Amino acid sequence: MVLRPMRVEDVDFALAIEIAAAEFPWSRCHFISSLEVKDHASIIEVNNSVVGFAIFKPVLCETTLLNIAVHPHYQRKGYARQLLEQGLIAQVNQGVVRCFLEVRQSNSDARSLYHSLGFIQIAQRKNYYPAKSSPEHAIVMICEFPQV
66 MVLRPMRVED VDFALAIEIA AAEFPWSRCH FISSLEVKDH ASIIEVNNSV
116 VGFAIFKPVL CETTLLNIAV HPHYQRKGYA RQLLEQGLIA QVNQGVVRCF
166 LEVRQSNSDA RSLYHSLGFI QIAQRKNYYP AKSSPEHAIV MICEFPQV
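Laid out in structure tokens, this is it:
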């Protein structure tokens, strides 16, 4: 397993993972834009294959997890946890003191993972996410990092 910064040549792999894992996936332009503005984007490789990615947007002393996905064939093996833990460590090392994220209310697996890493729910955005039947609420979560 290798965790490294995402490069432009990784975008098509990340896009394929996003399409396989998300009901309403980001477009290729979203990934390119994140790399252009220097968001903290990383990928995880297993046996020389990109199997997941995470993208954080740092702004001053805060960051937001914009997107994270692991290919369905590699889910439930700890790769999302690795991406999050390493991404958060990198953010803290850059002076970030808190991280925000939004997650679909129905995504109990992701919510459990975030909770296990210290995130707590602080709000709900009603009808935030598109869905096939009707819009879905987003749960807004935050994790505060101890100051040294």
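By the count of our numbering, the sequence shown reaches residue 213 at its end, each step adding exactly one.
Beta carbons are placed, not taken as given, at the ideal position from N, Cα and C, and that holds for glycine.
Note that the structure is predicted; figures quoted are calculated from it, not measured.
Taking all protein chains in view, the Cβ of Gln189 is surrounded by fewer than 16 other Cβ atoms within 10 Å, so the residue is classified as exposed.
His202 and Asn113 have their alpha carbons spaced roughly 37 angstroms apart. Scanning His180, Phe89, Val161, Leu166 for the CA closest to the CA of Gln212 turns up Val161. In the DSSP assignment, Val124 falls within the unbroken beta strand (DSSP E) covering 114-124.
Apart from sequence neighbours up to five positions away, the residues of its chain that approach Arg93 with a beta-carbon distance below 8 angstroms are Val76, Asp77, Leu80, ordered along the chain. Taking one beta carbon from each stretch, the stretch 126-141 and the stretch 86-102 have 3 or more pairs nearer than 8 angstroms; the two touch. Residue state for Val135 is assigned as strand, using DSSP reduced to three classes. Here Gln156 is near Phe121, since their CB atoms are less than 8 angstroms apart.
For the options Pro195, Arg146, Ile207, the alpha carbon positioned closest to that of Leu178 is the one of Arg146. Looking from the CA of Cys208, the closest CA among Glu74, Val115, Cys126 belongs to Cys126.
Here Ser107 really is in contact with Leu148; their C-beta atoms are around 6 angstroms apart, less than 8 angstroms.
With respect to the C-alpha of Ala87, the residue from Val205, Phe210, Pro195 having the closest C-alpha is Pro195. With fewer than 16 other CB atoms across the displayed protein chains lying within 10 angstroms of its CB, Ala85 is exposed.
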